[in-house]
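**Q** Right, I'll just put the structure down here and ask away after.
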C-alpha cells in the first residue's frame, strides 16, 4: 500500500474517543479501593486504629505507601503522553523510599538487635506480604488495561509504575489492618511486597504498554 | 504560536471531532516532515525501506491520536511519536543508523532535546523546499512564516506594498504546496 492510500484509509476511519485522564484515574482508584474495602470489611481495621495513628511511626506506615501511591499514579498518568519527560516524576519517588530507609535506620539504632526481627514470624510475613500481593492483583490488571491506552515514552517504566501504584495503594489500605508497628518489620516486608509487584508488572505488562 | 503549530493543531482538533478531510490534510502536511526526519537518519536505506518507516510513524500517529490534548502544542507530541517509532524501526532493522541515535533511555528523558532535533530536521526539509523557490519568494516565506516578522516591516525591506507582499506570499505558498504534493507521490 502506498502512503497516499494509507492516508486515505486512515482519514476514513472514525475518530477515537479522546483520552480522559480524569476518568482513567477514577477507574484505577476504584480498582484499588474495592478490594481494600472488601478486605477491611471482612477483616476489620486494627483495634484502636485512630489512637495508634497518633504515633508518628504508625502513621508513617500508612502515609509512606500513600505518598508512593500518589506519586506513582501521578507519574503513570503523566506518562500517558508521548512527549512527557520520564525522569522528573521518578525522582520524586525517591522521597518515600528515602523516608522508609530512614525509618529502617532509626529502628536499627533504637531497637536492640533481637528486636529487629522480633516480628519476623512466618504467619506475620505471609499475612502481611501475602495480603499486599493479593490486594495488588486487581488494580495492577486494571492499571495495565486502562493506562496502556496512552502512548508512554518509556513503556517499561509505565508498566513498573502500574505495579508500584497498585501495590502501594494496596499497602496503604492493608496498613489500616496491620498491627506490626515495628519499622524493621513493616518497611522490609511492605517494601519487598511492593518491589515484587513493581518488578512483576515491569516484566509482564511492558508489552501491553509498548506501541 | 507558529503558523505550522496553529495549522496542524486546528486540523487535528477538527479531525478528533470527526472531520476526515481535516485529518487527511494534517497527515499530508506532516508526511514530508516525517520523510525528512527518516531520510536524515537513514540515508543509507533504500527509498522503499524509508517509506515503510514513514508509514509506521503515520500508523502510530493514527493509533495514538487520542493521546493529544487540544490544550497542548501539537509539535512536541508529533515529534515524540515520530522519535519513538523511528528508534523502534531502526532498532528492529538493525540499521547502523540506530547506533547514532544513542541510548534510547537517554533520548526518552530528554524530550526537549529530541523535539528540537526533530524540529531542526523539519526546518532543513523546509529549507530544501524553499531552495526550489526564487530567492525573493523564499525570503518572504522565511520572514513571514518562519521568523514571524511583521508584514509591514518585510514589505518595507523589499520596497513593495503590503498588498503585493500578500500576493507573492500566496503564490509562494501555493508553489510550496505543489512541491509537497509532488514529493508525496
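Protein chains in written order, with the working numbering: chain A, 1 to 211; chain B, 212 to 396. Heads up, the beta-carbon is just placed ideally off N, CA and C, and yes, glycines get one too.
Would you give the residue range spanned by the alpha helix (DSSP H) that residue 269(B) belongs to?
**A** From DSSP, the alpha helix (DSSP H) with residue 269(B) extends over 258-274.
**Q** In chain order, what residues of the same chain have a beta carbon less than 8 Å from the beta carbon of residue 49(A), not counting five sequence neighbours either side?
**A** Within the same chain, residue 49(A) has close Cβ partners 176.
**Q** Can you give me the start and stop residues for the alpha helix (DSSP H) that residue 277(B) sits inside?
**A** That residue, residue 277(B), is in no alpha helix (DSSP H); it is neither H nor E in DSSP.
**Q** Run through DSSP, which three-state label would residue 93(A) get?
**A** Three-state result, residue 93(A): coil.
**Q** Just verifying my parser: in three-state terms, what is the DSSP assignment at residue 168(A)?
**A** Looking at residue 168(A) - three-state DSSP - the assignment turns out to be helix.
**Q** Determine the direct distance from the alpha carbon of residue 30(A) to that of residue 6(A), and round the result to whole angstroms.
**A** Going from the Cα of residue 6(A) to the Cα of residue 30(A) covers about 40 Å.
**Q** Using beta carbons (cut-off 8 Å, strictly below), is residue 275(B) in contact with chain A?
**A** It does; some Cβ of chain A falls within 8 Å.
**Q** Quick one: is residue 198(A) buried, meaning 16 or more other Cβ sit within 10 Å of its Cβ, or exposed?
**A** By the 10 Å Cβ count, residue 198(A) comes out buried.
**Q** Return the residue from the list 101(A), 97(A), 148(A), 46(A) that minimises the CA-CA distance to residue 278(B).
**A** Per the Cα distances, 148(A).
**Q** Using beta-carbon positions only, say whether residue 171(A) and residue 137(A) come within less than 8 Å of one another.
**A** For residue 171(A) and residue 137(A), no; Cβs fall outside 8 Å.
**Q** If you count every other CB in all the chains shown that lies within 10 Å of the CB of residue 372(B), and 16 or more means buried, which is it?
**A** It is exposed - the Cβ of residue 372(B) has fewer than 16 other Cβ atoms within 10 Å.
**Q** Cα separation between residue 169(A) and residue 66(A)?
**A** About 6 Å.
**Q** For residue 150(A) and chain B, any beta-carbon pair shorter than 8 Å?
**A** By this cut-off, residue 150(A) is an interface position.
**Q** Rank 220(B), 257(B), 276(B), 263(B) by C-alpha distance to the C-alpha of residue 282(B) and give the top, closest one.
**A** Comparing Cα-Cα distances from residue 282(B) to each of 220(B), 257(B), 276(B), 263(B), the minimum goes to 220(B).
**Q** In chain order, what residues of the stretch 67-95 of chain A put their CB closer than 8 Å to some CB of chain B?
**A** Within the stretch 67-95 of chain A, the residues whose Cβ lies closer than 8 Å to some Cβ of chain B are 80, 81, 82, 83, 84, 85, 86, 87, listed in chain order.
**Q** Between the C-alpha atoms of residue 179(A) and residue 190(A), what's the straight-line distance to the nearest angstrom?
**A** C-alpha separation (whole angstroms): 13 Å.
**Q** In or out: residue 259(B) buried (at least 16 other Cβ within 10 Å) or exposed?
**A** Burial call: exposed.
**Q** Quick one: grab the DSSP three-state call for residue 452(B).
**A** Limits of chain B in this structure are 212 at one end and 396 at the other, which puts residue 452(B) out of reach.
**Q** At least one CB of chain B closer than 8 Å to the CB of residue 97(A): is that the case?
**A** Residue 97(A) does not count as touching chain B.
**Q** Short check: CB of residue 196(A) to CB of residue 133(A), under 8 Å?
**A** Yes. Within cutoff.
**Q** Any residues in the stretch 8-19 of chain A with a beta carbon nearer than 8 Å to a beta carbon of chain E? Which ones, in chain order?
**A** Going by chain labels, chain E is absent from the structure shown, which instead holds the protein chains A and B.
**Q** With 16 as the cutoff for other CB atoms within 10 Å, does residue 361(B) come out buried or exposed?
**A** Exposed.
**Q** Roughly how many angstroms lie between the CA atoms of residue 311(B) and residue 82(A), to the nearest whole one?
**A** Because the pLDDT at residue 311(B) is just 49, under 50, the model does not fix this residue reliably, and the point stays unresolved.
**Q** Does any C-beta atom of chain B lie closer than 8 Å to the C-beta of residue 198(A)?
**A** No, because no Cβ of chain B sits closer than 8 Å to the Cβ of residue 198(A).
**Q** Which residue comes first and which comes last in the alpha helix (DSSP H) that contains residue 264(A)?
**A** With chain A covering 1 to 211 only, the question about residue 264(A) has no answer from this structure.
**Q** Compute the distance between the beta-carbons of residue 93(A) and residue 71(A), then report whether it is under 8 Å.
**A** Contact flag set, yes.
**Q** Look at the alpha carbon of residue 76(A) and the alpha carbon of residue 206(A), and state the distance between them as a whole number of angstroms.
**A** Their backbone Cα atoms lie some 13 Å apart in a straight line.
**Q** Looking at the C-beta of residue 164(A), does it have a partner C-beta in chain B at a distance below 8 Å?
**A** No, no contact with chain B.
**Q** Taking only beta-carbon atoms, is residue 218(B) less than 8 Å away from chain A?
**A** Residue 218(B) does not count as touching chain A.
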